[in-house]
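Residue numbers (UniProt numbering): 1 to 276.
The beta-carbon is built from N, C-alpha and C at its ideal position, and this holds for glycine as well.
Taking it in order: structure first as C-alpha cells, then the write-up.
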C-alpha cells in the first residue's frame with residue numbers, strides 16, 4: 001500500500017487549469033443540421049433509422065446538463081473484461097478499485113493532518129480522482145493471473161477512447177441505454193474505418209464503464225482524446241455519428257449534450273499530463 005500512496009502523490013497537479021471550452025470549440029445540433037447534408041448526422045425526432053430507448057426509462061429531459069460533472073484531474077480506468085459490476089465498486093473486497101479508494105482516503109487524511117498541524121487556516125479540498133471499472137480486456141502478457149491493466153487518463157490517451165456507462169446494478173437506465181449506444185457506435189466506427197480491431201494503433205477504443213454519475217441523464221459517456229475528457233449526457237443512438245465526427249475527430253463540444261469536462265481539457269492547460 002505504501003507504493004500506491006507514493007504513486008498517488010504524482011496524481012496531484014500543482015495548479016488549476018481551464019475546463020471551459022471556448023466559443024470556437026462549441027458546436028450545436030442546429031449548426032450540424034445546417035452544415036451537413038448527411039441525414040444521419042442529426043436525425044429528426046422521432047428517428048426511424050436507429051434503435052430507440054424503452055419508454056419506461058425515466059430520463060430527465062428538462063434539467064440543465066451544464067456543470068453536472070464535478071471537477072477532477074485524473075481518471076483511473078480499471079480493465080475487468082466485464083460490462084456490469086457490483087453496485088459500489090469501491091466496496092468490492094480486495095478489488096483494485098477498493099484498494100485505490102482506501103489509499104486515496106488515507107493519503108487525504110495524512111495530508112489534512114499535516115496541514116492542520118502546521119497551519120490553522122482552512123485548506124482546499126484535494127483534487128478529485130475518478131475511479132471506474134471498464135469492459136476493456138486485460139492484456140495477455142499481464143504477469144499476474146488476478147491482476148488488472150490500469151489506464152490513467154489523460155496520461156495514457158494514445159488513441160481516442162469512448163467510455164459508455166453500462167452499470168446496470170447501479171441504475172437500470174444506464175444498464176439499458178449503454179449496450180444500445182455501444183452497438184450504434186460500433187456501426188459508426190466500423191463504417192468510418194476507425195474500429196480499434198481493424199486499426200489497433202490509430203483506431204478508436206470503445207468500452208463500457210461503471211458508474212460515472214448522472215444516471216438520470218442516460219445515456220452517459222465520456223470521450224477522451226488528445227488530453228481532453230469530454231462528458232456527454234442524454235446521448236441517443238442518433239448522436240453517435242455526430243460525436244465521432246465532431247468530438248472524437250475534431251475535438252468540438254456538442255452544446256446540447258455537454259455535461260462538463262476533465263480539468264485541463266481546454267485552453268492553455270490542455271493535456272495536463274504527468275512528467276514521469
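Under the three-state DSSP convention, the category residue 38 falls into:
It is coil, neither helix nor strand.
Expressed to the nearest angstrom, what Euclidean distance is found between the alpha-carbon atoms of residue 175 and residue 167?
So the alpha carbons of these two residues sit roughly 5 Å apart.
In the DSSP assignment, find the beta strand (DSSP E) that holds residue 207 and state where it starts and stops.
Segment 205-209, the beta strand (DSSP E) holding residue 207.
Would you mind reading off the limits of the beta strand (DSSP E) that contains residue 260?
Where residue 260 is concerned, the enclosing beta strand (DSSP E) stretches over 258-261.
Kindly indicate which three-state DSSP category residue 165 falls into: helix, strand or coil?
In the structure shown, residue 165 sits in a strand (DSSP, three-state: E or B).
Can you name the start and end residues of the beta strand (DSSP E) that residue 79 belongs to?
Note, residue 79: beta strand (DSSP E), 74-79.
Please report the Cβ distance between residue 51 and residue 180, rounded to the nearest whole angstrom; I am assuming they are in contact, meaning their Cβ atoms lie under 8 Å.
In this structure residue 51 touches residue 180 by the C-beta definition: roughly 5 Å separates them, less than 8 Å.
Run through DSSP, which three-state label would residue 147 get?
For residue 147, the three-state secondary structure derived from DSSP is coil.
Counting pairs of Cβ atoms below 8 Å between the segment 130-137 and the segment 207-221, do you hit three or more?
Touching, per the Cβ criterion.
Between residue 1 and residue 96, what straight-line distance do the alpha-carbon atoms span, to the nearest angstrom?
Note on residue 1: pLDDT 44, under 50, position unreliable in the model; no value is reported.
When you compare only the Cα positions, how much space is there between residue 197 and residue 190?
Cα to Cα, the separation comes out at about 9 Å.
What's the C-alpha gap between residue 206 and residue 64?
Residue 206 and residue 64: Cα-Cα distance of roughly 27 Å.
Should the segment 245-252 be regarded as contacting the segment 59-76, the criterion being three or more beta carbon pairs within less than 8 Å?
Segments in contact, no.
Length of the line joining the Cα atoms of residue 200 and residue 225:
When rounded, the separation of the alpha-carbon atoms in residue 200 and residue 225 is 15 Å.
Who are the near neighbours of residue 29 in its chain, counting only those whose CB is closer than 6 Å to its CB and skipping five residues on each side?
So the qualifying residues of the chain are 42 and 256.
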